[in-house]
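Report on the structure given below.
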């Protein structure tokens, strides 16, 4: 079984995490690890921007072709898909829905169990997928 890691990018400028917020997320596999990468709307408006940040943190080369297309040459990377999220830290809920125009919809089958097994605090939250 693949290891699963949840990454939640903080709001820009070192602001504290809001109690409830929305954004976009990507589901991807790098080597033998599956990642769920969440970014608040104020940080990244597009899924490819989330991917570019993720790759830059790992020194994986990518380049922008124009303003909208991210070119990646990483044979050990597979982007499964993406969507939107809403988290409420007060009620302990995580909602996932929609799809990425660039990468398609995330793989929802088994996703609540994967989130629960990731060791992240959101693993204790009720996950709702639409």
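In this note's numbering, the protein residues as written are 1 to 130. Ideal Cβ placement from N, Cα and C applies to all residues, glycine included. Every value quoted in this text rests on a predicted model; they were computed, and no experiment measured them.
> With which residues is residue 69 paired in a DSSP beta bridge?
Replying inline: Here residue 69 refers to the residue found at position 69 when the chain shown is read from its first residue. For residue 69, which the question treats as bridged, DSSP gives the partners 65.
> Got a sec? Which residues, its chain only, sit under 6 Å from residue 8 by beta carbon, not counting five neighbours each side?
Replying inline: Numbered from its first residue, the chain shown carries residue 8 at position 8. Cβ within range, chain order: 38.
> Between residue 120 and residue 4, what straight-line distance do the alpha-carbon atoms span, to the nearest angstrom?
Replying inline: Indexing the chain shown from 1 puts residue 120 at position 120. Indexing the chain shown from 1 puts residue 4 at position 4. When rounded, the distance between both Cα atoms is 10 Å.
> Using 9 Å as the limit for Cβ to Cβ distance, is residue 30 near chain B?
Replying inline: Note that chain B does not occur in the displayed structure, where there is just one protein chain.
> Taking just the CA atoms, how far does residue 59 sit from residue 74?
Replying inline: Indexing the chain shown from 1 puts residue 74 at position 74. Indexing the chain shown from 1 puts residue 59 at position 59. Computed Cα separation, rounded: 11 Å.
>> So, with DSSP's three-state summary, where would you put residue 88?
In response: Reading the chain shown from its first residue, position 88 is the one you call residue 88. In this structure, residue 88 counts as strand in the three-state DSSP scheme.
>> Please classify residue 131 as buried or exposed, where buried requires at least 16 neighbouring CB atoms within 10 angstroms.
In response: For the chain, the structure presents residues 1 to 130; residue 131 sits outside this window and is missing.
>> Less than 9 Å between the beta carbons of residue 6 and residue 122, yes or no?
In response: For this step, residue 6 is matched to residue 6 along the chain shown. For this step, residue 122 is matched to residue 122 along the chain shown. Taking 9 Å as the Cβ cut-off, residue 6 and residue 122 qualify as a contacting pair.
> Just to confirm, are residue 87 and residue 15 a CB contact at a threshold of 9 Å?
Replying inline: As a first step, residue 87 must be located in the chain shown, where it is residue number 87. As a first step, residue 15 must be located in the chain shown, where it is residue number 15. With respect to the 9 Å criterion, residue 87 and residue 15 are not classified as neighbours on the basis of their beta carbons.
> Which class does residue 1 belong to by DSSP, given the choice of helix, strand or coil?
Replying inline: Reading the chain shown from its first residue, position 1 is the one you call residue 1. With a pLDDT of 47 at residue 1, under the threshold of 50, the modelled position of that residue is not reliable, and the figure given next carries that caveat. Look at residue 1 here: in three-state DSSP terms it is coil, with no helix or strand label.
> Looking at residue 24 and residue 82, is the spacing between their C-beta atoms short of 9 Å?
Replying inline: Against the chain shown, residue 82 aligns to sequence position 82. Against the chain shown, residue 24 aligns to sequence position 24. It is a contact, given that the beta carbons lie within the stated cut-off.
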